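Chain order of the listed sequences is D, H, E and W. Using my numbering, read the first sequence as starting at 26 and increasing by one per residue. Using my numbering, read the second sequence as starting at 26 and increasing by one per residue. Using my numbering, read the third sequence as starting at 26 and increasing by one per residue. Using my numbering, read the fourth sequence as starting at 26 and increasing by one per residue. Here is the structure we will look at.
Protein chains: 4
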Amino acid sequence: MSDDPKAQIDKVRAWWDTQIIDIEPGKIGVRGYPIEELIGRVSFPDMIWLMTRGDLPSRAHSKLLEAALVASVDHGPHAPSIAIARMAITCGIDLNNAMASGVNVLGDIHGGPGQQCMELYQEIHAAGGDDLPATTDRVLERFVAANGKIIPGFGHRFHPVDPRVVPLLSLVEDAARDGAVSGSYARIGREVEAALRRRTGKAIPMNIDGVIAVIFCELGFPPPMGRGLFILSRSVGILAHAWEQSQRQERIKGPMPKEIPYTYSGPKRRTLDPDR
Amino acid sequence: MSDDPKAQIDKVRAWWDTQIIDIEPGKIGVRGYPIEELIGRVSFPDMIWLMTRGDLPSRAHSKLLEAALVASVDHGPHAPSIAIARMAITCGIDLNNAMASGVNVLGDIHGGPGQQCMELYQEIHAAGGDDLPATTDRVLERFVAANGKIIPGFGHRFHPVDPRVVPLLSLVEDAARDGAVSGSYARIGREVEAALRRRTGKAIPMNIDGVIAVIFCELGFPPPMGRGLFILSRSVGILAHAWEQSQRQERIKGPMPKEIPYTYSGPKRRTLDPDR
Amino acid sequence: MSDDPKAQIDKVRAWWDTQIIDIEPGKIGVRGYPIEELIGRVSFPDMIWLMTRGDLPSRAHSKLLEAALVASVDHGPHAPSIAIARMAITCGIDLNNAMASGVNVLGDIHGGPGQQCMELYQEIHAAGGDDLPATTDRVLERFVAANGKIIPGFGHRFHPVDPRVVPLLSLVEDAARDGAVSGSYARIGREVEAALRRRTGKAIPMNIDGVIAVIFCELGFPPPMGRGLFILSRSVGILAHAWEQSQRQERIKGPMPKEIPYTYSGPKRRTLDPDR
Amino acid sequence: MSDDPKAQIDKVRAWWDTQIIDIEPGKIGVRGYPIEELIGRVSFPDMIWLMTRGDLPSRAHSKLLEAALVASVDHGPHAPSIAIARMAITCGIDLNNAMASGVNVLGDIHGGPGQQCMELYQEIHAAGGDDLPATTDRVLERFVAANGKIIPGFGHRFHPVDPRVVPLLSLVEDAARDGAVSGSYARIGREVEAALRRRTGKAIPMNIDGVIAVIFCELGFPPPMGRGLFILSRSVGILAHAWEQSQRQERIKGPMPKEIPYTYSGPKRRTLDPDR
Numbered sequence: 026m027s028d029d030p031k032a033q034i035d036k037v038r039a040w041w042d043t044q045i046i047d048i049e050p051g052k053i054g055v056r057g058y059p060i061e062e063l064i065g066r067v068s069f070p071d072m073i074w075l076m077t078r079g080d081l082p083s084r085a086h087s088k089l090l091e092a093a094l095v096a097s098v099d100h101g102p103h104a105p106s107i108a109i110a111r112m113a114i115t116c117g118i119d120l121n122n123a124m125a126s127g128v129n130v131l132g133d134i135h136g137g138p139g140q141q142c143m144e145l146y147q148e149i150h151a152a153g154g155d156d157l158p159a160t161t162d163r164v165l166e167r168f169v170a171a172n173g174k175i176i177p178g179f180g181h182r183f184h185p186v187d188p189r190v191v192p193l194l195s196l197v198e199d200a201a202r203d204g205a206v207s208g209s210y211a212r213i214g215r216e217v218e219a220a221l222r223r224r225t226g227k228a229i230p231m232n233i234d235g236v237i238a239v240i241f242c243e244l245g246f247p248p249p250m251g252r253g254l255f256i257l258s259r260s261v262g263i264l265a266h267a268w269e270q271s272q273r274q275e276r277i278k279g280p281m282p283k284e285i286p287y288t289y290s291g292p293k294r295r296t297l298d299p300d301r
Numbered sequence: 026m027s028d029d030p031k032a033q034i035d036k037v038r039a040w041w042d043t044q045i046i047d048i049e050p051g052k053i054g055v056r057g058y059p060i061e062e063l064i065g066r067v068s069f070p071d072m073i074w075l076m077t078r079g080d081l082p083s084r085a086h087s088k089l090l091e092a093a094l095v096a097s098v099d100h101g102p103h104a105p106s107i108a109i110a111r112m113a114i115t116c117g118i119d120l121n122n123a124m125a126s127g128v129n130v131l132g133d134i135h136g137g138p139g140q141q142c143m144e145l146y147q148e149i150h151a152a153g154g155d156d157l158p159a160t161t162d163r164v165l166e167r168f169v170a171a172n173g174k175i176i177p178g179f180g181h182r183f184h185p186v187d188p189r190v191v192p193l194l195s196l197v198e199d200a201a202r203d204g205a206v207s208g209s210y211a212r213i214g215r216e217v218e219a220a221l222r223r224r225t226g227k228a229i230p231m232n233i234d235g236v237i238a239v240i241f242c243e244l245g246f247p248p249p250m251g252r253g254l255f256i257l258s259r260s261v262g263i264l265a266h267a268w269e270q271s272q273r274q275e276r277i278k279g280p281m282p283k284e285i286p287y288t289y290s291g292p293k294r295r296t297l298d299p300d301r
Numbered sequence: 026m027s028d029d030p031k032a033q034i035d036k037v038r039a040w041w042d043t044q045i046i047d048i049e050p051g052k053i054g055v056r057g058y059p060i061e062e063l064i065g066r067v068s069f070p071d072m073i074w075l076m077t078r079g080d081l082p083s084r085a086h087s088k089l090l091e092a093a094l095v096a097s098v099d100h101g102p103h104a105p106s107i108a109i110a111r112m113a114i115t116c117g118i119d120l121n122n123a124m125a126s127g128v129n130v131l132g133d134i135h136g137g138p139g140q141q142c143m144e145l146y147q148e149i150h151a152a153g154g155d156d157l158p159a160t161t162d163r164v165l166e167r168f169v170a171a172n173g174k175i176i177p178g179f180g181h182r183f184h185p186v187d188p189r190v191v192p193l194l195s196l197v198e199d200a201a202r203d204g205a206v207s208g209s210y211a212r213i214g215r216e217v218e219a220a221l222r223r224r225t226g227k228a229i230p231m232n233i234d235g236v237i238a239v240i241f242c243e244l245g246f247p248p249p250m251g252r253g254l255f256i257l258s259r260s261v262g263i264l265a266h267a268w269e270q271s272q273r274q275e276r277i278k279g280p281m282p283k284e285i286p287y288t289y290s291g292p293k294r295r296t297l298d299p300d301r
Numbered sequence: 026m027s028d029d030p031k032a033q034i035d036k037v038r039a040w041w042d043t044q045i046i047d048i049e050p051g052k053i054g055v056r057g058y059p060i061e062e063l064i065g066r067v068s069f070p071d072m073i074w075l076m077t078r079g080d081l082p083s084r085a086h087s088k089l090l091e092a093a094l095v096a097s098v099d100h101g102p103h104a105p106s107i108a109i110a111r112m113a114i115t116c117g118i119d120l121n122n123a124m125a126s127g128v129n130v131l132g133d134i135h136g137g138p139g140q141q142c143m144e145l146y147q148e149i150h151a152a153g154g155d156d157l158p159a160t161t162d163r164v165l166e167r168f169v170a171a172n173g174k175i176i177p178g179f180g181h182r183f184h185p186v187d188p189r190v191v192p193l194l195s196l197v198e199d200a201a202r203d204g205a206v207s208g209s210y211a212r213i214g215r216e217v218e219a220a221l222r223r224r225t226g227k228a229i230p231m232n233i234d235g236v237i238a239v240i241f242c243e244l245g246f247p248p249p250m251g252r253g254l255f256i257l258s259r260s261v262g263i264l265a266h267a268w269e270q271s272q273r274q275e276r277i278k279g280p281m282p283k284e285i286p287y288t289y290s291g292p293k294r295r296t297l298d299p300d301r
């Protein structure tokens with residue numbers, strides 16, 4: 026790099042370049058919009074869209090995004106992200122820290138199925154062709170060969186039928202009927218469900234991840250943002266549980282009451298070599 | 026604890042008791058409401074309120090909460106929470122991890138002023154009396170003696186006037202006129218501003234934290250939730266910046282270009298004692 | 026700030042000033058020592074001391090630090106820091122992320138007692154006087170009035186006698202006999218134990234935090250570093266448990282088997298107001 | 026699962042089974058050894074080995090591990106893990122939180138090259154054959170085809186020759202001469218360096234990750250533990266920098282002085298559609 030201080034300082038400034046927010050003393054522009062025009066006039070989902078996409082959504086798009094955000098806030102204390110936040114808050118750390126420890130675990134397995142399901146839908150969409158069932162069978166064949174039998178977005182280890190799927194899918198299909206979205210991904214999602222029944226002879230119904238993936242694909246989000254938006258939603262549950270726990274006066278809460286001893290399956294008691 | 030297995034298993038179950046969410050196969054109840062009734066009918070801010078407060082808000086309350094959430098999403102890459110998320114995503118970790126590293130730093134100084142300002146307002150409110158200016162002067166006197174001259178929620182190291190304050194305060198005052206909120210905390214906030222001018226002879230205007238604290242106090246949130254709700258809002262900015270950065274192909278991004286060497290002010294080069 | 030680019034670039038460089046490490050192409054100096062002289066010649070505890078204190082320790086000091094680091098690595102899966110790391114690794118995140126979620130919860134309650142005990146010892150030490158028992162009684166009186174009856178470093182919710190205390194305290198007392206440390210804090214620690222028996226009529230023996238606090242005070246570390254060093258030690262246990270868990274093929278491990286339902290104590294099922 | 030409470034409680038206990046640590050009131054066994062026998066008699070690297078491997082190392086193995094841990098503690102404030110911890114501590118969070126935000130970013134790119142290099146060495150080792158140069162060329166060919174031209178463990182964006190490599194490699198070769206390790210991985214590492222020169226015509230010397238990978242392979246650690254052990258080492262630097270920063274009274278430290286404005290490359294100021 027040049028040793029010229031002016032060139033250096035320009036490089037430092039450009040190091041932190043962004044297209045999201047412009048701040049000068051007394052002025053804040055979000056994607057070009059003065060913040061004071063947005064406050065009170067756009068919804069929180071609108072703002073999430075503006076920040077991540079660069080423009081404001083139509084009302085219909087915003088409502089679909091909102092429904093997805095509402096649906097995913099919580100899955101109770103059996104979910105590691107929730108249990109971790111509850112345990113964390115009893116250790117003498119603040120809400121931001123407890124939330125961070127919880128959000129952090131929304132990884133490929135706990136927070137990633139929506140993203141992976143979006144990739145699957147997009148692969149089917151890109152494969153195109155007139156015969157959606159045949160295309161879907163072929164893509165699933167390839168997917169199972171590469172990744173094994175768990176199909177992200179389908180089946181549930183707990184709910185036989187996920188009560189969130191029908192109302193969310195109805196909202197998408199209503200929006201498709203109104204021309205607000207194409208409906209292609211709703212069709213793909215339903216076809217994956219049908220193809221899984223063809224493959225396995227069993228009902229492996231779409232779950233919350235599968236229907237959220239339909240919505241985010243219809244709205245044009247890239248797959249990694251499927252995880253990102255899920256995190257915004259689940260952060261609400263993480264906060265609510267951390268806060269509830271903080272009102273209960275427990276200290277250093279472990280995963281079970283300390284009176285229930287865990288089992289130990291390691292080596293028997295032994296003695297250190299005296300020559301060591 | 027009893028050695029009775031039934032008593033033990035009951036204790037394990039109660040260990041994870043919650044009043045937030047009830048899940049059975051095929052059923053999800055959030056604060057008692059079936060999730061399928063909420064989807065498409067309540068807004069995301071409604072859901073945040075329901076999860077953290079236990080009941081649904083009035084429309085007017087929900088709109089005030091929404092405005093506060095919209096206003097606080099981002100403060101640009103100079104904010105450590107944002108810069109950290111941007112650097113993090115270049116290190117080969119996922120969005121959930123980058124967001125966690127960012128959310129984690131919203132501590133007492135970076136994420137706490139709203140909460141601290143709520144405590145100050147509540148102290149003034151609780152002190153009561155007919156003479157708000159005198160009460161405010163007295164509480165500020167005590168506050169400064171205990172905590173020093175920085176008043177959380179007032180003054181800004183960057184903005185002479187924060188453009189978010191006027192529209193947010195107008196929304197509160199409109200809601201007070203309609204009887205949706207009391208307006209007491211808006212009056213207290215304005216009085217603190219006046220009192221600071223009396224104390225210092227200078228304008229130390231209310232900032233975003235100060236006006237958000239007005240809103241959250243009007244809405245009846247406890248102070249720690251001021252931080253919690255701020256985190257939900259700022260998570261949007263953290264996500265947007267992490268995502269933008271992820272599109273830029275930088276690897277192991279440090280705080281400045283590596284060609285700009287940091288200064289070293291430690292001991293001069295020295296040699297290890299050969300007898301060590 | 027000056028608009029002069031040279032002054033600006035100097036300010037940027039100084040922004041990241043450090044006294045710890047000096048790096049030039051082909052050269053790395055740690056506190057002034059060339060890294061190549063340190064490798065193979067100093068121990069890992071020596072390096073921890075050099076990095077955090079600025080100079081190398083005597084052999085006796087290093088051995089005491091090492092014993093403290095060895096003693097604190099783990100407290101099993103009932104400890105939230107450990108359980109969190111184990112749950113985290115089953116969520117599809119990497120070792121660094123699982124460790125971060127665990128380390129993060131070593132807060133005031135879970136990771137802070139050593140630090141708090143160091144502060145207590147230092148207060149007794151600073152109070153001075155010839156009559157250590159009287160001084161200790163007086164400081165404890167004040168401490169209990171301010172903080173309640175839990176004395177950090179004394180008593181244990183699990184171990185009647187902590188097996189780590191006797192060997193660690195012996196090492197300190199041996200070092201004091203050799204003149205390597207003063208022994209003042211070992212005396213203070215024992216006196217706190219005696220004072221607690223005088224106060225309560227019961228044995229409330231020194232625990233691991235109390236004896237580690239003796240060591241770190243004898244070695245001249247400031248109290249917050251008591252927490253910092255504990256984190257280095259506990260990170261070993263967090264890593265070992267995360268690694269063991271990663272070998273077990275569990276996915277999204279919650280705090281208890283999902284077949285054991287948690288209790289729900291919130292509102293009964295209810296229906297959303299149809300006018301909403 | 027059975028509804029029998031006894032079976033349920035046994036399942037809960039086994040849920041948290043471990044082979045690492047056995048705790049009963051008054052007793053702590055680490056991999057079978059009573060903790061009181063370990064304190065003062067094993068080194069901190071011995072304890073790291075015992076916790077992660079299940080047995081104590083020979084003295085020669087422990088010394089090699091120790092050298093690797095000493096060598097990797099820090100790479101200065103240009104490293105995101107270090108800069109993040111420094112920024113974090115100015116936001117009003119504690120050492121454990123600042124360290125967590127830093128450790129969290131030691132991901133595939135920032136903390137993973139050692140692990141990836143171990144995998145490369147092991148692939149060469151497993152390919153076997155009498156002609157190490159030919160095997161190495163062939164494996165590198167495949168590696169570059171699959172992963173691109175960056176070879177983990179070789180080349181450095183900053184140091185032409187990494188000063189840590191020669192002393193570490195000498196320690197391995199000394200240990201091989203004494204029969205403490207096989208020396209196979211040292212040969213493989215040197216051969217990769219030679220093969221890269223053959224491939225590119227340039228010197229792309231082994232860096233710290235490449236030599237640490239030699240050591241960890243010689244010692245029999247699996248590749249993911251390469252990252253895990255690196256984290257233990259780098260945590261020392263993260264702690265030292267967070268602690269140094271905490272002594273400097275900065276508040277909400279961003280990546281550069283706030284007087285240096287970042288550039289904004291997003292849309293120009295625009296006005297919200299009045300009909301929205």
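Glycine is no exception: its CB is placed at the ideal position from the N, C-alpha and C atoms. Keep in mind the model is a prediction, meaning the values are calculated, not measured.
Taking CB atoms only, residue 284 of chain D has no neighbour in chain W less than 8 Å away. Taking 8 Å as the threshold, the shortest C-beta distance from residue 149 of chain H to chain D does not fall below it.
Under the three-state reduction of DSSP, residue 54 of chain W is assigned to strand. For residue 249 of chain H, no CB of chain E lies under 8 Å from its own CB, so it is not counted at the interface with that chain. At the C-beta level, residue 86 of chain E and residue 105 of chain E stay beyond 8 Å of one another. Restricting attention to beta strand (DSSP E) runs no shorter than 3 residues, the stretch 143–184 of chain W encloses none. Using a C-beta cut-off of 8 Å, the stretch 182–198 of chain D makes no contact with the stretch 114–133 of chain D, since fewer than three inter-stretch Cβ pairs fall below that distance.
Interface annotation for the stretch 274–298 of chain H against chain W: 276, 277, 278, 279, 280, 281, 283 and 287, criterion Cβ-Cβ distance under 8 Å. Taking a Cβ-Cβ cut-off of 8 Å, the neighbours of residue 34 of chain E in chain H comprise 285, given in sequence order.
As DSSP reads the structure, residue 210 of chain W sits in no beta bridge. Considered as a whole, the stretch 225–289 of chain D harbours no complete run of any beta strand (DSSP E) with no fewer than 3 residues. At a C-beta separation below 9 Å, residue 30 of chain D has these neighbours in chain E: 29, 30, 31, 32, 33, 34 and 35. Between residue 45 of chain E and residue 100 of chain W, the C-beta gap is not smaller than 8 Å, which leaves the two residues out of contact.
The alpha-carbon of residue 264 of chain E is positioned some 15 Å away from that of residue 261 of chain W. Of the residues E:55, E:66 and E:41, the one whose Cα lies closest to the Cα of residue 300 of chain H is E:66. Considered as a whole, the stretch 51–114 of chain D harbours 52–55 as its complete beta strand (DSSP E) runs of no fewer than 3 residues, in chain order. Straight through space, the alpha carbons of residue 214 of chain H and residue 166 of chain H are spaced by roughly 16 Å. With a threshold of 8 Å between beta carbons, residue 86 of chain W makes no contact with chain H.
In the structure shown, residue 47 of chain W falls within a strand segment according to DSSP collapsed to helix, strand and coil. Taking 8 Å as the CB threshold, residue 139 of chain W stays off the interface with chain E.
Per DSSP, the continuous alpha helix (DSSP H) segment holding residue 35 of chain H begins and ends at 30–40.
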